[in-house]
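Notes for the one structure printed next.
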Amino acid sequence: MTETFTEFDPAEYLSTPEAIAEFMSDALETGDASYIAKAMGVVARAKGMTELARETGLSREQLYRSFSEHGNPTLKTLLAVMKALGVDMTARPHTHLRRNPNGKKRGQRNTKRGPDCD
Numbered sequence: 021m022t023e024t025f026t027e028f029d030p031a032e033y034l035s036t037p038e039a040i041a042e043f044m045s046d047a048l049e050t051g052d053a054s055y056i057a058k059a060m061g062v063v064a065r066a067k068g069m070t071e072l073a074r075e076t077g078l079s080r081e082q083l084y085r086s087f088s089e090h091g092n093p094t095l096k097t098l099l100a101v102m103k104a105l106g107v108d109m110t111a112r113p114h115t116h117l118r119r120n121p122n123g124k125k126r127g128q129r130n131t132k133r134g135p136d137c138d
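Going by this note's numbering, the residue at position 98 of the sequence shown is 118; the numbering climbs one at a time, nothing skipped.
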């Protein structure tokens, strides 16, 4: 017996600014420009490309191209779309500590005393 599956479309669940903000925050945390562009494309589809084009002054073709899997939107395009979507891009310090080459977390104090400290 074969099972049939329907394709999941996250755009169907992005109906509020809060949902869009959370979705985009997760995408931005990856640091992967291609993934971020594709995620923004999902959000743009959720809003509607025609409406988004009207609100941003960009063409639908430019939006589709910019936010495709291989798209590379300019910062100006990204900011215009985020404004039209009702979300902001913010900067905050990293919450994780990076490790030094000796395996210790940066910012972690060395508790050893004496000449054999590393």
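Every residue, glycine too, gets a C-beta built ideally from N, C-alpha and C. In this text the structure is predicted, and so the values were computed from the model without any measurement.
Separation of residue j from residue i, as counted between CA atoms
{"i": "serine 88", "j": "phenylalanine 28", "result": "18 Å"}
{"i": "alanine 57", "j": "serine 35", "result": "19 Å"}
{"i": "leucine 95", "j": "threonine 26", "result": "35 Å"}
{"i": "glycine 77", "j": "methionine 21", "result": "51 Å"}
{"i": "serine 79", "j": "arginine 112", "result": "32 Å"}
{"i": "leucine 48", "j": "valine 62", "result": "14 Å"}
{"i": "lysine 103", "j": "glycine 91", "result": "19 Å"}
Buried/exposed call for residue i, threshold 16 Cβ in 10 Å
{"i": "leucine 72", "result": "buried"}
{"i": "proline 30", "result": "exposed"}
{"i": "threonine 50", "result": "exposed"}
{"i": "proline 93", "result": "buried"}
{"i": "methionine 109", "result": "exposed"}
{"i": "threonine 70", "result": "exposed"}
{"i": "threonine 115", "result": "exposed"}
{"i": "serine 86", "result": "buried"}
Sequence-distant residues of the same chain with beta carbon closer than 7 Å to residue i, five excluded per side
{"i": "glutamate 23", "result": "none"}
{"i": "alanine 64", "result": "Leu72, Leu83, Phe87, Val101"}
Residues of its chain near residue i, where Cβ-Cβ distance is below 8 Å and the 5 sequence neighbours each way are ignored
{"i": "valine 107", "result": "Pro37, Ile40, Ala41, Met44"}
Sequence-distant residues of the same chain with beta carbon closer than 6 Å to residue i, five excluded per side
{"i": "alanine 66", "result": "Ala31, Leu34"}
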